[in-house]
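Taking my numbering, the leading residue of the sequence shown gets 23, the next gets one more, and so forth. Glycine is no exception: its CB is placed at the ideal position from the N, C-alpha and C atoms.
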Amino acid sequence: MDKGLSPGDPRVASSIVMVSPEHFCFNPEAAESNAFANREETNKNLVLGEFKKMVEVLKGVGIEVFVLPSPGCDAPDAVFPNNWFSTHRTKKGGQEGEEVLRLVLYPMLNPNRSIERRNTEKLKEILLSKDLGRSKLEVADCGGKFEEKSVAVEGTGVLIFDRFGVSSSQSQTPLCRCFCVENGPRADPETVRRILRESGVMPNITSEKKEGEEDPFVFFSAADEKGVAIYHTNVMMAIGSDFAVVCEESVTNPHQLQNLRKKLFSCSTSREIVNISHSQVKQMCGNVLELRNTEGQLFVLMSGTAFRAFTQEQKEVFQRGGREIVTVNIPTIERIGGGSARCMVAEIF
23 MDKGLSPGDP RVASSIVMVS PEHFCFNPEA AESNAFANRE ETNKNLVLGE FKKMVEVLKG
83 VGIEVFVLPS PGCDAPDAVF PNNWFSTHRT KKGGQEGEEV LRLVLYPMLN PNRSIERRNT
143 EKLKEILLSK DLGRSKLEVA DCGGKFEEKS VAVEGTGVLI FDRFGVSSSQ SQTPLCRCFC
203 VENGPRADPE TVRRILRESG VMPNITSEKK EGEEDPFVFF SAADEKGVAI YHTNVMMAIG
263 SDFAVVCEES VTNPHQLQNL RKKLFSCSTS REIVNISHSQ VKQMCGNVLE LRNTEGQLFV
323 LMSGTAFRAF TQEQKEVFQR GGREIVTVNI PTIERIGGGS ARCMVAEIF
């Protein structure tokens, strides 16, 4: 590999969590703010078949997959677990401190998505068994207490972390950035800052920004061609080690777009931007994810729908340096649920 990544680079996940779609169906509550979802009858066998095949494909390339059961018949969107939790490895008290595995639970917009957190104890069992006591597990439950205030931050659906960022104001020192749409109902900017600060995920955040200190957050407004707010950042944006997928025409403020591009290029690798169109967003081209296997081989996960919509030139960016594209065919889940391959995967770091 020529991207400066070691086989065990912790910035790209090799283990993921997925949730069985036993009770998957159209979710009218969530569809109010998700223009990608479509009301239609659900063929359970088709859905389960798509899910099973996706798990097989990912395991087949050497990615570790943990499957959680459905949390219940009242959780139609449980197949998209990346919205209610994320995991992070940080050092307590700085780089020389104790390593901590952080599990963050997020506040959801709709009540029938909040109940997906019922799987928390089973998830903790997975994390503890996988970690083998190497790190202390700390859980930041930011779900219910923020939902009581009617605010939402739907995990890595709205939070796009750039773990390859560097500070442009601090002599190119490492800096984890967070990109997030600010005009949709599923991400409250003030709550984003508070959750990531209080949970310890981004310890470089201070409650008051110091002079000359770079803000690790990049908030921006985004909308589709009809002016409807983008509900999740990860349908129009993805960040990998040396690439970023962005629908630039969806960013409504030119100054915000300029800042977004500047921050994307402030990274520790030679990054190339794959600019996708509104039409490609509809084909789930923004909903992709970089993963690696235990041998260090890098992959870009995407749906068959997205693969067919990318141009050959865009695909070649993903394949740079020997990285492979992994495609999964999930048209029923995409069409009814309004989410794609990235939404179905929650990384374990």
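For Asn134, the uninterrupted alpha helix (DSSP H) run begins and ends at 133-136, by DSSP. Burial check for Lys285: the Cβ neighbour count within 10 Å reaches 16 or more, so the residue is buried. DSSP places Ser157 in the coil class of the three-state scheme, outside both helix and strand. For Met259, the enclosing beta strand (DSSP E) covers residues 259-261. Note on geometry: alpha-carbon atoms of Asn105 and Gly361 lie some 11 Å from one another. The beta-carbon separation of Arg199 and Val240, rounded to 6 Å, stays under the 8 Å limit for a contact. Within the same chain, and ignoring the five residues on either side of Ser290 in sequence, the residues whose Cβ sits closer than 6 Å to its Cβ are Phe186, Val188. Annotated three-state conformation of Gly166 is helix, per DSSP.
Cβ neighbours of Asn351 within its own chain (closer than 6 Å, five residues either side excluded): Gly326. Taken through DSSP and simplified to helix, strand or coil, Ile85 comes out as coil. In this model, Gly206 and Met306 are separated by some 18 Å (Cα to Cα). Within the same chain, and ignoring the five residues on either side of Val322 in sequence, the residues whose Cβ sits closer than 6 Å to its Cβ are Val310, Glu312, Phe340, Ile347.
At a cut-off of 3 residues, the continuous stretches assigned as beta strand (DSSP E) that sit fully inside the region 55-131 are 86-90, 107-113, 121-127. Separation of Arg140 and Ala328 (C-alpha to C-alpha, rounded to the nearest whole angstrom) is 31 Å. A residue is called buried when at least 16 other Cβ atoms come within 10 angstroms of its Cβ; Phe88 meets this threshold and is buried. Here Lys81 has Val87 as same chain residues with Cβ atoms under 6 Å from its own Cβ, once five neighbours each way along the sequence are excluded. For Met40, the secondary structure class from DSSP, reduced to helix, strand or coil, is strand. The closest CA to that of Met130, considering only Phe332, Ser243, Arg208, is found on Arg208. CA-CA distance, Phe371 to Gly166, rounds to 24 Å. Partner residues in the beta bridge of Asp184, as assigned by DSSP, are Arg199. The three-state secondary structure of Cys307, taken from DSSP, is coil.
If you look at Ala328, you'll find it in the alpha helix (DSSP H) that goes 326-331. It is roughly 8 Å from the alpha-carbon of Glu63 to the alpha-carbon of Cys47. From the listed residues Glu338, Ser36, Arg357, the smallest Cα separation to Lys152 is found for Ser36. Residue burial annotation: Gln280 is exposed, with fewer than 16 other C-beta atoms found within 10 angstroms of its C-beta. Closest by C-alpha distance to Gly343, out of Ala174, Met76, Ser263, Ser55, is Ser263.
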